[in-house]
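Notes for the one structure printed next.
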Amino acid sequence: QTLYVAGSQNPFMGTHKWQGIKDWLIHDAIQVPLHLTAHTQRYADINDFVNNPNTPVRTIVGHSLGSAVSSQYLEDHPGLQAQARLYNEPEIEFPWESEDPRVDHYSDLLDPVSAGSFEAQGRFSHLSFPHSFHGGIDL
12 QTLYVAGSQN PFMGTHKWQG IKDWLIHDAI QVPLHLTAHT QRYADINDFV NNPNTPVRTI
72 VGHSLGSAVS SQYLEDHPGL QAQARLYNEP EIEFPWESED PRVDHYSDLL DPVSAGSFEA
132 QGRFSHLSFP HSFHGGIDL
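So the number in my numbering is just where the residue sits in the sequence shown, counting from 1, plus 11.
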């Protein structure tokens, strides 16, 4: 099964405005740069799915904040037999750092959030807001 881990909610759209404000102010601004994403609800949700025998997770797909949390989870669980595809991860990663062979990184060429992801295997670009998942990408 594939587990999809969402990025930050937009506080200006939809019905989950408080979640969006919390994502932007707490998770994105504080927890991601300090590598504290293990203390998020998304991390706990990944753990619940991975440890549920009725939902064997083979692939984790994350976008933005979801990518940062997924990456942290995989780093904390080196024995987990799952692959990951992470899109527009908001972290600075350098090519000389050791890569996790379970993880494929992708980022938009024009995305300011994932501009520091130097290890991205796939670079793409589309005409909509470069950090949005809208507009579709086919990799």
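Beta carbons are placed, not taken as given, at the ideal position from N, Cα and C, and that holds for glycine.
**Prompt:** By DSSP, does serine 75 sit in helix, in strand, or in coil?
**Reply:** coil
**Prompt:** Are the beta-carbon atoms of serine 82 and valine 61 separated by less than 8 Å?
**Reply:** no
**Asked** Quick one: what does DSSP say aspartate 119 is sitting in, helix, strand or coil?
**Response** strand
**Message:** Taking a contact to mean a Cβ-Cβ separation below 8 Å, would you say valine 80 touches tyrosine 15 in this structure?
**Reply:** no
**Where the beta strand (DSSP E) containing alanine 93 begins and where it ends** = First-last for alanine 93: undefined, no H or E at that position.
**Asked** Given a threshold of 16 other Cβ atoms within 10 Å of its Cβ, counted over all protein chains shown, does alanine 40 qualify as buried or as exposed?
**Response** exposed
**Asked** Buried or exposed: glutamate 86, going by 16 or more other Cβ atoms within 10 Å of its Cβ?
**Response** exposed
**Prompt:** Taking the continuous beta strand (DSSP E) assigned at valine 16, which residues delimit it?
**Reply:** 13–16
**Request:** Assign threonine 48 to one of three DSSP states: helix, strand, or coil.
**Result:** helix
**Asked** For threonine 70, which beta-bridge partners are listed by DSSP?
**Response** Thr13, Gln94
**Message:** So, at 7 Å on beta carbons, what are the nonlocal neighbours of serine 78 in its own chain, with the 5 sequence-adjacent residues on each side left out?
**Reply:** Leu97, Tyr98, Asn99, Glu100
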